[in-house]
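Structure, as structure tokens:
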DNA sequence: ATTAAGATTGGCT
DNA sequence: GCCAATCTTAATA
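Residue numbers (this note's numbering): 1013 to 1217.
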């Protein structure tokens, strides 16, 4: 298997996001190699998306998002967690896709080590963006890392084991109603923490 | 210089 | 279900 090429990432984040589902995320390091099948992502659409870190223009933190596509944007949050994004689109157009969950495929022992848990608890290894980053050894030192030729990359064809669903994004307060979260129905994506549905959007009963 | 919030998680009731 | 942990970032003054 080889990394997806630059061209794959050079289009709208909303287009890239669902195409990432079912593909293989790979992380290679001295410690070993871990891989997983991507099952949940969220698109962040730059200047037109109030929830995007790039909404108010370039800053020191989000600089990578404004660079060329096919790179990793890694940020630190809540004083303890890292989250990994795939930078899309083109220079100056800061679209990105947050990697939210994978089904662990190989290297589960190393994942468990990094996570500080028993590898037998497979669902806790890389379900949730901060857990995924930890399991794959991704921190700020990989911010800007090239997905084409770098230690972290995405490859393969789409292997889907359930329906692809689009729904509201998780954990944000702005533009929370946009259905820009894409996931595979099944046991691997984040559990539904009942996103507050607006009464107007709830089908009558 | 100060401050409020945060693309989360894990532990406890 | 609720809440503390923990500290960087960016907005405000």
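C-beta: ideal position from N, C-alpha, C; glycine also.
Bear in mind that the values here come from a model prediction, so they are computed numbers and not experimental data.
Straight-line Cα distance separating residue j from residue i
| i | j | result |
| --- | --- | --- |
| residue 1161 | residue 1015 | 7 angstroms |
| residue 1076 | residue 1100 | 10 angstroms |
| residue 1127 | residue 1202 | 17 angstroms |
| residue 1168 | residue 1090 | 33 angstroms |
| residue 1114 | residue 1147 | 10 angstroms |
| residue 1024 | residue 1106 | 10 angstroms |
| residue 1216 | residue 1178 | At residue 1216 the pLDDT is 28, less than 50, meaning the model places this residue with poor confidence and gives no usable figure here. |
| residue 1019 | residue 1172 | 22 angstroms |
| residue 1053 | residue 1112 | 5 angstroms |
| residue 1193 | residue 1043 | 32 angstroms |
| residue 1069 | residue 1144 | 27 angstroms |
| residue 1118 | residue 1059 | 37 angstroms |
| residue 1121 | residue 1041 | 14 angstroms |
| residue 1093 | residue 1154 | 14 angstroms |
| residue 1074 | residue 1066 | 6 angstroms |
| residue 1220 | residue 1088 | Nothing in the structure corresponds to residue 1220, since the chain is present only between 1013 and 1217. |
Residue nearest to residue i in terms of C-alpha spacing, selected from the options
| i | options | result |
| --- | --- | --- |
| residue 1030 | 1196, 1200, 1203, 1202 | 1196 |
| residue 1184 | 1019, 1064, 1021 | 1064 |
| residue 1095 | 1132, 1139, 1125 | 1139 |
| residue 1188 | 1061, 1200, 1021 | 1061 |
| residue 1021 | 1098, 1191, 1180 | 1098 |
| residue 1141 | 1050, 1013, 1041 | 1050 |
| residue 1079 | 1198, 1191, 1156 | 1156 |
| residue 1163 | 1083, 1122, 1174, 1130 | 1083 |
| residue 1174 | 1158, 1129, 1198 | 1198 |
| residue 1182 | 1123, 1134, 1170, 1110 | 1110 |
Whether residue i touches residue j by CB criterion (7 angstroms)
| i | j | result |
| --- | --- | --- |
| residue 1176 | residue 1032 | no |
| residue 1241 | residue 1036 | Any property of residue 1241 remains undetermined from this structure, which presents the chain solely from 1013 to 1217. |
| residue 1116 | residue 1136 | no |
| residue 1038 | residue 1165 | yes |
| residue 1056 | residue 1108 | yes |
| residue 1103 | residue 1150 | no |
For residue i, three-class secondary structure by DSSP
| i | result |
| --- | --- |
| residue 1015 | strand |
| residue 1067 | coil |
| residue 1176 | strand |
| residue 1196 | strand |
| residue 1090 | coil |
| residue 1026 | helix |
Complete alpha helix (DSSP H) runs within the segment 1095 to 1165 (minimum length 4 residues, chain order): 1120 to 1127, 1141 to 1147
Which full runs of the beta strand (DSSP E) of 3+ residues lie inside the segment 1033 to 1085, going along the chain? 1036 to 1041, 1044 to 1057
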